[in-house]
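Take a look at the structure set out below.
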Amino acid sequence: MVKVEYKNFKIVVVVLLSVLSIVFIGSGAWAKTPEQRITLSTELLQEMGRQSDVEGLTDLLKDSKGIAIFPNVTKAGFVFGAEFGEGLMLRRDPNTNQWYGPSFLSIGGISVGLQIGVQSTSLILVIMDDAGLEALKKEHVSLGADISVAAGPAGRRAGAATNSIYSYSIAKGAFAGVSLSGGSVDTDENANIAYWGKELTPEEILKKRATKSDVQPLVKELNKLMAMAKK
């Protein structure tokens with residue numbers, strides 16, 4: 003009886019290690035440099051701008067206080083699912099339409115369910131007010147508990163924003179608003195130090211104009227999306 007239990011235990015360990023291997027090896031977004039994250043975020047915005055139902059996103063963006071972009075969030079699991087992604091955040095001044103940052107982030111979470119295989123998706127969080135902005139400046143914030151995240155409207159013009167943060171995803175060409183809960187967003191201090199050359203808080207970073215040459219293509223794409231919004 004003990005031998006059978008030990009054998010079953012080994013099987014469980016092998017399965018769990020396999021899941022972790024899939025997550026760590028399968029996610030091309032992991033361990034990206036800050037500059038690579040900026041490039042991938044720019045490419046994601048370009049892809050979203052080509053979607054026929056992007057109007058809801060553009061309407062929210064023109065009234066936003068900021069945006070968080072996660073080009074690759076990998077989800078892998080067998081019974082238990084693990085999610086992880088790296089990204090960045092920019093603050094927007096609605097009065098001047100100037101962008102500030104970027105401050106770098108990571109997103110992760112655990113979910114329970116029958117999940118088999120690996121799925122990679124891209125996420126955008128549109129920050130609509132100071133509450134959403136302050137939440138994502140924190141070292142750690144739990145989505146759905148510390149701050150609510152609503153599915154962003156797609157395929158139609160957005161009305162007045164009633165939530166602090168709206169989220170969108172795109173996977174295999176499918177674009178949609180998605181509801182997020184149970185996960186968390188953390189400040190990526192190592193990436194911030196690597197990019198800015200010293201230790202800075204998100205509060206300090208998001209007071210810096212996004213004028214560095216490597217972030218200009220990203221700012222250009224954001225402004226292009228806002229120009230698509232209804233007047």
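The C-terminal position of the sequence shown is numbered 233 in the numbering used here, with every residue numbered one higher than the one before it.
For every residue, glycine included, the Cβ atom is placed at its ideal position computed from N, Cα and C.
* Per DSSP, what kind of secondary structure is L107 in: helix, strand or coil? -> In the structure shown, L107 sits in a strand (DSSP, three-state: E or B).
* Asked: How would you write the range of the beta strand (DSSP E) that T189 sits in, first residue to last?
  -> That run of the beta strand (DSSP E) goes 185 to 189.
* Asked: Helix, strand or coil for N192 per DSSP?
  -> N192: helix per DSSP, three-state reduction.
* When the distance is taken between beta carbons, is G58 closer than 7 Å to G175? -> Inclusion of G175 and G58 in the CB contact set at 7 Å is not warranted, their separation being larger than that value.
* Do you know how far the Cα of I126 is from the Cα of L182? -> Between the C-alpha atoms of L182 and I126 there is a straight-line separation of about 11 Å.
* Beta-carbon contacts of E201 that lie in its chain and below 8 Å, excluding the five residues immediately before and after -> Closer than 8 Å at Cβ, skipping near neighbours: E191, N194, I195.
* Asked: Looking at C-alpha atoms only, which residue of K77, E136, E85 is the closest neighbour of Q121?
  -> Put simply, of K77, E136, E85 the residue whose alpha carbon is nearest the alpha carbon of Q121 is K77.
* Asked: For E45, which residues of its own chain have a beta-carbon under 8 Å away from its beta-carbon, when the five flanking residues on both sides are left out?
  -> Apart from sequence neighbours up to five positions away, the residues of its chain that approach E45 with a beta-carbon distance below 8 Å are P73, ordered along the chain.
* Backbone CA spacing between L116 and D95 [nearest angstrom] -> Note that L116 has pLDDT 36, beneath the 50 cutoff, so the model's placement of it is unreliable and no number is given.
* Any Cβ of chain D within less than 7 Å of the Cβ of L47? -> No chain D is present in this structure, which holds just one protein chain.
* Asked: What's the C-alpha gap between L145 and L208?
  -> Using only the alpha carbons, I get a separation of about 21 Å.
* With C-beta atoms as the reference, is L90 less than 7 Å away from I109? -> Contact annotation: L90 and I109 have beta-carbon atoms that are not nearer than 7 Å.
* Beta-ladder partner(s) of G89, from DSSP -> For G89, which the question treats as bridged, DSSP gives the partners L107.
* Sufficient close CB pairs (3 or more, under 8 Å) joining the segment 132 to 144 to the segment 163 to 174 -> In short, these stretches touch, since the Cβ pair count reaches three.
* To do: Label S54 either buried or exposed according to how many other C-beta atoms from any shown protein chain fall within 10 Å of its C-beta, with 16 as the threshold for buried.
  => In this structure S54 is exposed. Its beta-carbon is surrounded by fewer than 16 other beta-carbon atoms within 10 angstroms.
* Residue range of the beta strand (DSSP E) that includes S171 -> S171 -> beta strand (DSSP E) spans 167 to 173.
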